[in-house]
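Heads up: the structure comes next, in structure tokens.
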Amino acid sequence: MSDLLSASANQQAAAIRNKEISASELCSAYLARIAKLDDQVGAFVRVDHQGATAMAKLVDAAIAAGEEPGPLAGVPVALKDLLVTEDLETSAASKILAGWIPPYDGTAVARLRNAGAVILGKLNLDEFAMGSSNEHSSIKPCANPWNLARVPGGSSGGSAAAVAANLCAISLGTDTGGSIRQPASFCGVLGLKPTYGRVSRYGVIAYASSLDQIGPLARSAEDAALMLEVICGKDPKDATSLDAPVPAFRQACQGDVRGLRIGIADEMSGDLSDPQVAAAVEAGIQVLQRAGAEVSRISLPHTRYALPAYYLLAPAEASSNLARYDGVRFGMRAGDERDLMDMYCQTRGQGFGAEVKRRIMLGTFALRAGYYDAYYKKAQQVRALIAEDFKQAFTKVDVIASPTAPSVAFAPGAKASPMDMYQADIFTLSCNLAGLPGMSMCCGFDSDNMPIGLQLLAPPLQEESLLRCAGEYQRRTDWHTRRPEAFQ
Amino acid sequence: MSTVTEDEIRSLARLARLALSDEEVRALQTDLSSILTHMQALAEVDTEGVEAMTHVMLGNEALRADRVAPSLDRERVLSASPRHDHEHFSVPAILPGSNS
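These protein sequences, in sequence, are chains Y and U.
Numbers 1 to 488, taken from our numbering, label the letters of the first sequence in order.
Numbers 1 to 100, taken from our numbering, label the letters of the second sequence in order.
Right under this line is the structure:
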């Protein structure tokens, strides 16, 4: 059992299918691990003992009956609590939704269940996915398994911490401006944000609809690929989901990088990051170069404006998306029951946390008559220029490499002002603005033994290029096999 | 340099339907002013003639057929709301003098 606890999700799935172990045994082992270890981490906001156990039994019954149990049969997974789960509370780590029991599954969740995955529970996040450190969770803090006195990153902090501490085999997060990749970097795991539209957003609590995307966090490239094969694909319930064939992503991990063209942009280079981060990222790129990739310099002149563009556009969309939390249809209600306006304002004033209010206010400002052209429209035009920069760059290179974040994980409270916190996202934001697939993988550790992430971006629908790089890199290095000491 | 006044914060909060304490108003005034100062970097960019990008367009702009399909069960949806009468969501009176 201890071997299978540390095995990859692909190996676990194979062992269950070959009846070397039952799904129920593996599920119990993970539930026991969560019970023993998660108090220190705070990755889970809700453990679904009953649902997980019932699903594991179904998988075992299917296998015993000789039925096809699905590609994720028995694999213990966990979900960012932004993904809507039928009959399992979904809160977005917000007081305003506390206690909400959804009457439906989101599409990605439904696909996981159909594939036989055992959903262990829901994972911590910054409230409504707004944050880069998980400090904005209204439920509880989440710690970084590599150093419990540091943050796990955000907003999918619980998703990254749970995988790093091996409290699940694979998790799902969402990424609006780096919320999968940055916590993956901080926790030393692999996180992949697919092309905008690859995965249906039906049943994802919306933050910024033109940027949001679901993706996997895993230890190995093959495990992320396995998850992608299940969750990607057209969904009639999301008009923006892409009607593109879903490649054999696991096969892409076996490919090599000979002749692959890697671009390094001056505007997203190590000069903007901590020297130890820059050195590890450079060394990581050299590994791929030695494997046959070609490296060249490119320019993405407008990406330096990604931060101001993103922090106008995302809050503007959020201010509109979060208008639905008004005390009528779900969650909490406060204020004077005889006064509609008072009920709205009190519900929202009491239900939302500080960062969510800040972004709603910022978005309301940007969309307000008189400011619309100068802020919102201007940011949309800059977004078009950023997307065009990438389009040009991808005529010369196949992937673009950079640090995922300018630093390793920091301590709670280290970012004194909102702008300081927003700077943690400088390398990840432009990917979402352009709708590209992006990935972070662990490429080393700093002198305090904190993980460092290497980010790779690819043209739309070229996730396979990212997985080729990750597969090759993980065959040549062993960073991804390291475990935090307290969570061996 | 403050770019947003306290009055503007209060007026935005009304538009956003947010009840804020005086302390929150002051904090938001400081934060929004600082954030918006950084946003002014966008003014440097020449966007003359650039079309605003509202969405990522990768061939995902086709609409599905408009066919009736089953929707969520009313009782289950209502049961998740803070107040309902088993047929409707209940809200405070919308028009002055009417009952909720």
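Each residue gets a CB set at the ideal place from its N, CA and C atoms; glycine is no exception.
Chain U within 9 Å of residue i, Cβ atoms only
i                 : result
LYS19 of chain Y  : no
PHE365 of chain Y : yes
PHE128 of chain Y : no
PHE330 of chain Y : yes
GLY327 of chain Y : yes
PHE390 of chain Y : no
LYS377 of chain Y : yes
TYR344 of chain Y : yes
PRO76 of chain Y  : no
ASP339 of chain Y : yes
ASP336 of chain Y : yes
SER133 of chain Y : no
GLN381 of chain Y : yes
LEU82 of chain Y  : no
SER417 of chain Y : yes
PRO406 of chain Y : no
MET361 of chain Y : yes
LYS357 of chain Y : yes
Environment of residue i [buried if 16+ CB atoms lie within 10 Å]
i                 : result
ILE94 of chain U  : exposed
SER200 of chain Y : buried
ALA69 of chain U  : exposed
ASN432 of chain Y : buried
GLY99 of chain Y  : exposed
ASP420 of chain Y : exposed
LEU467 of chain Y : buried
GLU20 of chain Y  : exposed
THR176 of chain Y : buried
GLN392 of chain Y : exposed
ASP398 of chain Y : buried
MET450 of chain Y : buried
PRO308 of chain Y : buried
GLU48 of chain U  : exposed
PRO96 of chain U  : exposed
PRO69 of chain Y  : buried
MET130 of chain Y : buried
Distance CB(residue i)-CB(residue j) smaller than 9 Å
i                 : j                 : result
TYR535 of chain Y : ALA314 of chain Y : Any property of residue 535 of chain Y remains undetermined from this structure, which presents chain Y solely from 1 to 488.
ILE285 of chain Y : ALA458 of chain Y : no
GLY51 of chain Y  : ILE119 of chain Y : yes
TYR325 of chain Y : GLY335 of chain Y : no
ASN144 of chain Y : GLY154 of chain Y : no
ALA23 of chain Y  : ALA78 of chain Y  : no
LEU260 of chain Y : SER465 of chain Y : yes
SER407 of chain Y : ASP274 of chain Y : yes
SER417 of chain Y : GLY363 of chain Y : no
GLY263 of chain Y : ARG304 of chain Y : no
THR240 of chain Y : TYR196 of chain Y : yes
CYS27 of chain Y  : LEU190 of chain Y : no
LEU217 of chain Y : PRO247 of chain Y : no
LEU105 of chain U : ARG358 of chain Y : For residue 105 of chain U there is no data in the structure shown, the boundaries of chain U being 1 and 100.
LYS122 of chain Y : LEU88 of chain Y  : yes
ALA221 of chain Y : CYS253 of chain Y : yes
SER6 of chain Y   : ASP223 of chain Y : no
Chain Y contact for residue i (CB, 9 Å cutoff)
i                 : result
MET1 of chain U   : Any reading at MET1 of chain U must be qualified, since the residue scores a pLDDT of 42, below 50, and its modelled position is unreliable; the value itself is stated next. No, because no Cβ of chain Y sits closer than 9 Å to the Cβ of MET1 of chain U.
ARG26 of chain U  : no
VAL91 of chain U  : yes
GLU87 of chain U  : no
ILE9 of chain U   : yes
VAL68 of chain U  : no
ASP22 of chain U  : no
SER100 of chain U : Confidence at SER100 of chain U is low in this model, with a pLDDT of 47, below 50, so its placement is unreliable and the value that follows should be read with caution. At least one chain Y Cβ lies under 9 Å of SER100 of chain U.
Inter-residue CB distance, residue i and residue j (contact presumed, cutoff 8 Å)
i                 : j                 : result
ILE386 of chain Y : ALA434 of chain Y : 6 Å
ASN124 of chain Y : GLY157 of chain Y : 6 Å
MET341 of chain Y : ALA13 of chain U  : MET341 of chain Y to ALA13 of chain U, Cβ: 12 Å. No contact.
PHE330 of chain Y : LEU97 of chain Y  : 7 Å
SER185 of chain Y : SER430 of chain Y : Incorrect: roughly 16 Å between the Cβ atoms, too far for contact.
LEU404 of chain Y : PHE427 of chain Y : For clarity, residue 404 of chain Y is Thr in the given sequence; the question names Leu instead. Indeed, because the Cβ distance is near 6 Å, the residues count as touching under 8 Å.
PRO103 of chain Y : ASP85 of chain U  : Actually they do not touch by this definition, with Cβ atoms about 18 Å apart.
LYS378 of chain Y : LEU42 of chain U  : 5 Å
GLY74 of chain Y  : ALA56 of chain Y  : 6 Å
heavy atom of the ligand MN below 8 Å from residue i C-beta
i                 : result
ALA108 of chain Y : By its list of ligands, the structure shown contains no ligand whatsoever, and the ligand MN lies outside what it can speak to.
Name the residues in the segment 216 to 249 of chain Y whose C-beta lies less than 7 Å from a C-beta of chain U; which are they?
PRO236, ALA239, THR240, SER241 and LEU242
Residues within the segment 35 to 54 of chain U neighbouring chain Y, beta-carbon criterion of under 7 Å:
ILE35, HIS38, MET39, ALA41, LEU42, VAL45, THR47, VAL50, GLU51, ALA52, MET53 and THR54
Between the segment 282 to 305 of chain Y and chain U, which residues of the former have a C-beta closer than 9 Å to a C-beta of the latter?
HIS302, ARG304 and TYR305
Where the segment 308 to 322 of chain Y meets chain U: residues whose CB sits under 8 Å from a CB there:
PRO308, ALA309, TYR311, LEU312 and SER319
Quick one: which residues of the segment 189 to 217 of chain Y get their C-beta closer than 8 Å to a C-beta of chain U? List them in chain order.
Across the segment 189 to 217 of chain Y, CB contacts with chain U closer than 8 Å involve THR195, TYR196, GLY197 and SER210, in sequence order along the chain.
Looking at chain U, which residues of the segment 83 to 106 of chain Y have a Cβ within less than 8 Å of any of its Cβ atoms?
TRP100, ILE101, PRO102, PRO103 and TYR104
Using a Cβ-Cβ cut-off of less than 7 Å, list which residues of the segment 72 to 83 of chain U approach chain Y; keep chain order.
Within the segment 72 to 83 of chain U, the residues whose Cβ lies closer than 7 Å to some Cβ of chain Y are LEU72, ASP73, ARG76, VAL77, ALA80, SER81, PRO82 and ARG83, listed in chain order.
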